[in-house]
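J.: 678 is the number that numbering that gives the first Met the number 0 gives the last residue of the sequence shown; the numbers go up by one with no jumps.
Dropping the structure in here first, questions after.
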Amino acid sequence: MVMYDSEEDGDRRNRDKFPRERDSRREDDRYGTKRSSSSRRDDGKRARHGSESDNGDAKNDDFSGPMLTFKKFLMTQEDDISDSAALAAYNEYKQEYKRKELQRFFDAHKTEEWFRHKYHPEESATIRDAHMADVKKRLEIFNDMKSKGCFDDLTLDLQHAREIIRTMDTLVVRLEGGSEEDVEALKHEKIEDDSLFDLGEKKSDEDTSADKDEARGSESEANEEGREKRKKTLLHKTSSVFMRNVPATVKIADLEAICSRSPGFLRIALSEPHADRNFSRRAWATYKREVNIKEICWTLNQTKLNDSTDLSVILNRDLTRRIRGISGVTSHKDVAQNDIKQAAKLVALMDKRLGLFCEDEPKEERDKDIFTGVDLVATSKNPLLRQVRPVLRECDEPSAEEEEMLGISRCAPSEPAAAADEKIPYVRDETLLHALDLLILYLRMVHSIDFYGHIEYPNEDAMPNRCGMLHVRGLLPTQFGSSEDGTKLVSTKFNTEFISGFNHRLESGLMQASYVTPDEMEKMGKKDGDKEVEAFIQANTVELSQDKWLCPLSGKKFKGPDFIRKHLTSKHDEKLREVREEAVFYNNYLADPNRPVEVKPPPAPAPREEERRDDRYRDRNERSDRGGDRSYATSTDRRNRGYAGFGSGGPPRDRGPRFTPESSRPLTSYRDLDAFPID
0 MVMYDSEEDG
10 DRRNRDKFPR
20 ERDSRREDDR
30 YGTKRSSSSR
40 RDDGKRARHG
50 SESDNGDAKN
60 DDFSGPMLTF
70 KKFLMTQEDD
80 ISDSAALAAY
90 NEYKQEYKRK
100 ELQRFFDAHK
110 TEEWFRHKYH
120 PEESATIRDA
130 HMADVKKRLE
140 IFNDMKSKGC
150 FDDLTLDLQH
160 AREIIRTMDT
170 LVVRLEGGSE
180 EDVEALKHEK
190 IEDDSLFDLG
200 EKKSDEDTSA
210 DKDEARGSES
220 EANEEGREKR
230 KKTLLHKTSS
240 VFMRNVPATV
250 KIADLEAICS
260 RSPGFLRIAL
270 SEPHADRNFS
280 RRAWATYKRE
290 VNIKEICWTL
300 NQTKLNDSTD
310 LSVILNRDLT
320 RRIRGISGVT
330 SHKDVAQNDI
340 KQAAKLVALM
350 DKRLGLFCED
360 EPKEERDKDI
370 FTGVDLVATS
380 KNPLLRQVRP
390 VLRECDEPSA
400 EEEEMLGISR
410 CAPSEPAAAA
420 DEKIPYVRDE
430 TLLHALDLLI
440 LYLRMVHSID
450 FYGHIEYPNE
460 DAMPNRCGML
470 HVRGLLPTQF
480 GSSEDGTKLV
490 STKFNTEFIS
500 GFNHRLESGL
510 MQASYVTPDE
520 MEKMGKKDGD
530 KEVEAFIQAN
540 TVELSQDKWL
550 CPLSGKKFKG
560 PDFIRKHLTS
570 KHDEKLREVR
580 EEAVFYNNYL
590 ADPNRPVEVK
600 PPPAPAPREE
610 ERRDDRYRDR
620 NERSDRGGDR
630 SYATSTDRRN
640 RGYAGFGSGG
650 PPRDRGPRFT
660 PESSRPLTSY
670 RDLDAFPID
């Protein structure tokens with residue numbers, strides 16, 4: 000039992016428990032006691048060997064903690080290390096740190112379904128085959144619609160939004176297994192979309208009356224045949240719910256089993272995991288249009304996933320604006336010529352990536368063609384690209400006579416390009432635009448790519464809205480005015496800047512070709528299947544004594560290591576296949592230039608110089624307001640204790656501390672939390 004000299008002394012010891020520890024550290028710092036005489040670098044070395052160091056460990060096997068900065072890394076090296084040797088050692092440390100980091104991430108997520116679907120050799124092949132089947136089905140429908148003339152009179156301008164929506168709905172009905180009768184019924188369906196309302200003021204009276212007649216005709220169908228037709232048109236419309244936060248460990252089959260308990264279930268779709276949200280995913284459950292989706296949403300919210308996870312289901316709203324317009328300058332001939340060349344490149348690139356029209360080429364050869372800069376358009380076997388090649392050749396060979404007639408002048412080489420800003424007549428080439436529209440429709444219907452929007456819709460066949468949105472050419476801008484004969488004018492500078500920005504967004508997005516070289520794979524720790532198998536055999540070969548060896552995998556004992564090797568290759572061949580498979584699994588992860596990694600929290604930003612100056616200015620003002628009383632700022636702790644009755648000094652009892660009128664911030668109290676209450 001601890002004895003104190005007096006009750007007051009015991010109370011003071013209890014109150015001063017933490018201040019006494021802090022004071023002892025201050026005394027050490029002040030007088031230099033209990034401090035090592037080693038240099039700063041030696042202190043760093045000792046910290047490095049500690050298992051709980053926050054600075055990381057340059058030679059620790061698991062490389063846990065954040066990566067060391069070069070300054071901290073130098074503290075782990077010898078004093079006489081040269082600059083070149085230090086840089087080489089630091090580069091090696093960074094490379095090893097990255098290898099360990101990739102291996103840790105792989106080990107943490109290799110059992111999760113989303114990760115295996117992306118990189119596991121067998122499961123990823125199954126996913127690719129299913130996606131390829133969906134693309135081929137879309138291609139078949141596109142070719143059939145093209146052969147029937149569905150695209151002959153279609154123009155991708157905002158004024159034709161109604162016809163574009165019907166064409167997209169036709170594709171969806173065909174994807175859902177609809178018949179020709181279902182497609183024919185679409186022609187009698189009233190289309191309601193915000194893009195049509197935007198054009199309401201610009202529609203002619205004839206169009207308005209035609210729309211009224213169409214709506215009146217559809218409403219007057221009261222017989223059974225009419226109701227059956229309207230039911231068939233619902234093939235392209237669905238109801239759906241949205242789940243914002245699905246854990247990464249949840250499997251698609253488990254989620255599908257819960258959602259399929261409600262009537263009218265069609266499909267489930269999950270997004271890519273979000274690294275900044277602990278790799279959680281978003282999910283969409285799609286149902287038939289005629290179901291009570293609100294009741295289904297309520298039912299799903301009463302269900303827990305794996306008996307512990309709330310689904311947090313909300314209603315997924317229908318698309319209200321399916322056709323969206325961009326700048327109308329895209330219909331000008333110069334801009335359209337650039338667009339058709341970019342669209343052709345994108346078509347050839349997407350075909351090459353998936354293996355369309357080049358099924359005989361192995362993936363390695365296709366990737367090589369992409370990254371070595373082969374002219375994919377010229378070598379493509381896509382019939383659509385062959386059809387538009389004459390138009391592409393005309394785009395590559397501008398006519399000087401045509402430019403002269405249109406009043407287009409080229410800048411001299413010595414003149415800056417920015418100075419060439421002329422107003423030229425707006426020219427619309429219908430043949431050029433029709434060829435461009437075919438490529439844009441092919442990209443949207445087959446590859447789920449919105450060309451003008453620079454958007455790719457991944458996994459669209461599992462989403463609620465197939466072929467839901469499309470960006471098209473909008474109305475021509477009017478700020479450039481018109482010529483004397485009423486011809487609209489466009490700006491060459493505006494066209495040039497628009498083309499440059501459009502191409503940059505394409506090349507940095509949809510057309511970006513990133514590639515991990517074999518040398519980079521080796522630096523990141525590429526695995527060899529045979530070496531991994533050999534390491535597995537050695538790990539399962541343990542010598543117990545002379546002529547006595549143990550196989551930990553089976554628990555059997557053998558007379559020599561050769562017998563264990565024979566035993567593993569004959570009796571546990573599936574284990575060896577798993578080892579080889581995991582090596583390929585890991586290499587597939589390394590080969591992805593967009594591979595997911597752990598997101599590290601950003602470092603706390605350092606205070607800005609202006610803030611530090613403001614703090615110093617405020618401190619000086621407060622000291623000057625107190626009349627330069629230095630003891631006021633340095634003896635706060637003693638004065639608070641005196642105010643409580645355990646010393647001298649401080650303001651009189653029943654009077655609070657003195658504040659200046661100019662200071663709006665109260666004085667900070669350092670009184671111990673376990674001190675006696677103030678009367």
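Here a beta-carbon is modelled for each residue, glycine too, at the ideal position from N, C-alpha and C.
None of these values were measured; they are calculated from a predicted model.
Using C-beta distances below 7 Å, list every residue in its chain close to residue 333, excluding the 5 sequence neighbours before and after it, in chain order.
T.: 494
J.: Quick check: the Cα distance between residue 158 and residue 187, rounded to an integer number of angstroms?
T.: Each residue's alpha carbon lies about 20 Å from the other.
J.: For residue 504, which three-state DSSP category applies?
T.: helix
J.: Checking the sheet assignment: what are the DSSP bridge partners for residue 273?
T.: 279
J.: I'd like to confirm something about residue 308: is its beta-carbon nearer than 7 Å to some heavy atom of the ligand MG, or not?
T.: With respect to the ligand MG, the structure offers nothing, as it holds no ligand at all.
J.: Let me know the alpha helix (DSSP H) ranges lying completely inside the segment 531-567, each 4 residues or longer, listed in chain order.
T.: Counting whole runs of 4 or more residues, the segment 531-567 contains no alpha helix (DSSP H) stretch at all.
J.: What residue does the alpha helix (DSSP H) around residue 305 start on, and which one ends it?
T.: Taken as a continuous stretch (DSSP letters only), residue 305 belongs to no alpha helix (DSSP H), as it is neither H nor E.
J.: Within the same chain, show all residues whose beta-carbon is closer than 7 Å to that of residue 509, passing over the 5 residues directly before and after it, in chain order.
T.: 345, 448, 453 and 455
J.: Please report the straight-line C-alpha distance between residue 472 and residue 335, rounded to a whole angstrom.
T.: 10 Å
J.: Distance check for residue 557 and residue 251, CA to CA, integer angstroms please.
T.: One alpha carbon belongs to residue 251, the other to residue 557, and they sit about 45 Å apart.
J.: Could you say which of 365, 585 and 430 lies nearest to residue 386 if we only look at CA atoms?
T.: 430
J.: Tell me the DSSP secondary structure of residue 286 in three-state form.
T.: Taken through DSSP and simplified to helix, strand or coil, residue 286 comes out as strand.
J.: Assuming residue 104 and residue 531 are in contact, meaning their beta carbons sit under 8 Å apart, how far apart are those beta carbons, in whole angstroms?
T.: In fact, because the Cβ distance is near 19 Å, the residues do not count as touching under 8 Å.
J.: Which value, in whole angstroms, describes the spacing of the CA atoms of residue 254 and residue 171?
T.: 25 Å
J.: When you compare the segment 461-475 with the segment 142-161, are there three or more beta-carbon pairs, one atom per stretch, that lie closer than 8 Å?
T.: yes
J.: Considering only residues of the same chain and omitting the five flanking positions on each side of residue 491, which have a CB-CB separation below 7 Å?
T.: If you ignore the 5 residues before and after residue 491, its C-beta comes within less than 7 Å of the C-beta of 419, 420, 421 and 423, all in its own chain and listed in chain order.
J.: On the CB-based measure, 16 or more other CB atoms within 10 Å of its CB, does residue 173 come out buried or exposed?
T.: buried
J.: If you reduce the DSSP assignment to three classes, tell me which class residue 111 lands in.
T.: coil
J.: Quick one: is residue 108 buried, meaning 16 or more other Cβ sit within 10 Å of its Cβ, or exposed?
T.: buried
J.: Look at the Cβ atom of residue 571, then the Cβ atom of residue 552, and state whether they are nearer than 8 Å.
T.: yes
J.: Would you give the residue range spanned by the beta strand (DSSP E) that residue 167 belongs to?
T.: Careful: residue 167 lies outside any beta strand (DSSP E), inside the alpha helix (DSSP H) at 160-174.
J.: Could you give the first and the last residue of the continuous alpha helix (DSSP H) run that contains residue 130?
T.: 120-146
J.: How many Å lie between residue 310 and residue 91 at the Cα?
T.: 45 Å
J.: Terminal residues of the continuous beta strand (DSSP E) containing residue 462?
T.: That residue, residue 462, is in no beta strand (DSSP E); it is neither H nor E in DSSP.
J.: My assumption, with CB atoms under 8 Å, is that residue 302 sits in contact with residue 257. Please give the rounded CB distance.
T.: With a Cβ gap of about 6 Å, residue 302 and residue 257 count as contacting.
J.: According to the Cβ coordinates, are residue 488 and residue 441 closer than 8 Å?
T.: no
J.: Is it buried or exposed for residue 277, if we count other Cβ within 10 angstroms and need 16 for buried?
T.: exposed
J.: Can you give the beta carbon distance from residue 587 to residue 123, rounded, assuming they're within the 8 Å contact cut?
T.: 7 Å
J.: Check whether the segment 533-543 and the segment 510-525 touch, using three or more Cβ-Cβ pairs below 8 Å as the test.
T.: At 8 Å Cβ cutoff, the stretches do not touch.
J.: Going by DSSP, what residue range makes up the beta strand (DSSP E) through residue 430?
T.: Taken as a continuous stretch (DSSP letters only), residue 430 belongs to no beta strand (DSSP E), being part of the alpha helix (DSSP H) at 429-445.
J.: With contact counted as at least three CB pairs below 8 Å, one residue from each stretch, are the segment 289-299 and the segment 312-322 in contact?
T.: yes
J.: Between residue 432 and residue 331, what straight-line distance do the alpha-carbon atoms span, to the nearest angstrom?
T.: 9 Å
J.: Let me make sure I understand the geometry here. Which of 323, 195, 371 and 165 has the alpha-carbon closest to that of residue 183?
T.: 165
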